[in-house]
Amino acid sequence: MEFETLAQFRKDVRKFNINLGRNLFFPRIDSERCKAICDDEKCTWQIYCAKRSFSASYQGNTSVNEHTCERKMHCKTADGKWVVDELEKKL
Ligand SMILES: [Zn+2]
Numbered sequence: 001m002e003f004e005t006l007a008q009f010r011k012d013v014r015k016f017n018i019n020l021g022r023n024l025f026f027p028r029i030d031s032e033r034c035k036a037i038c039d040d041e042k043c044t045w046q047i048y049c050a051k052r053s054f055s056a057s058y059q060g061n062t063s064v065n066e067h068t069c070e071r072k073m074h075c076k077t078a079d080g081k082w083v084v085d086e087l088e089k090k091l
């Protein structure tokens, strides 16, 4: 999964998780790397994103792709399904 910027990474990952009904947060690492982890401390889901060596983009990697926590929020956005589909294509 590729992102143009870390801001884009955060935006896409947040959208994706809103549509999954999950809360997450982004512990800051540094200006070239970013990580998102699930808000539920027992859940192992996380995604890591780092600048690529030979291109201007950022590479995202999920070490644990499935949430082990319960769904917490209810999705009310009409385009929710679309966003999930789009991101799943990239994953
Ligand atoms: Zn989770």
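When you line the sequence shown up against full-length UniProt numbering, it's residues 1 to 91, in that order. By construction, the Cβ of each residue, glycine as well, lies at the ideal position given by its N, Cα and C atoms. This structure is a prediction, so every number in the text was calculated from the model and none was measured.
Does the beta-carbon of residue i, which I'm using as the reference point, lie nearer than 7 Å to any heavy atom of ligand 3?
| i | result |
| --- | --- |
| Arg22 | This structure lacks ligand 3; the ligands present are ligand 1. |
How many angstroms separate the CA atom of residue i from the CA atom of residue j?
| i | j | result |
| --- | --- | --- |
| Phe16 | Ala7 | 14 Å |
| residue 93 | Lys35 | Not covered by the structure: residue 93. The range shown for the chain is 1 to 91. |
| Phe9 | Val64 | 17 Å |
| Trp45 | Cys69 | 9 Å |
| Lys42 | His67 | 10 Å |
Hey, is residue i close to ligand 1, as in C-beta under 7 Å from one of its heavy atoms?
| i | result |
| --- | --- |
| Thr68 | yes |
| Asp30 | no |
If distances are taken between C-alpha atoms only, which option among the options comes closest to residue i?
| i | options | result |
| --- | --- | --- |
| Arg71 | Ala50, Arg52, Gly21 and Ile29 | Gly21 |
| Asp12 | Asp40, Ser63, Thr44 and Tyr48 | Tyr48 |
| Leu24 | Asp30, Arg33 and Asp39 | Asp39 |
Quick check on the burial criterion: 16 or more other C-beta atoms within 10 angstroms. Buried or exposed for residue i?
| i | result |
| --- | --- |
| Phe54 | exposed |
| Asn19 | buried |
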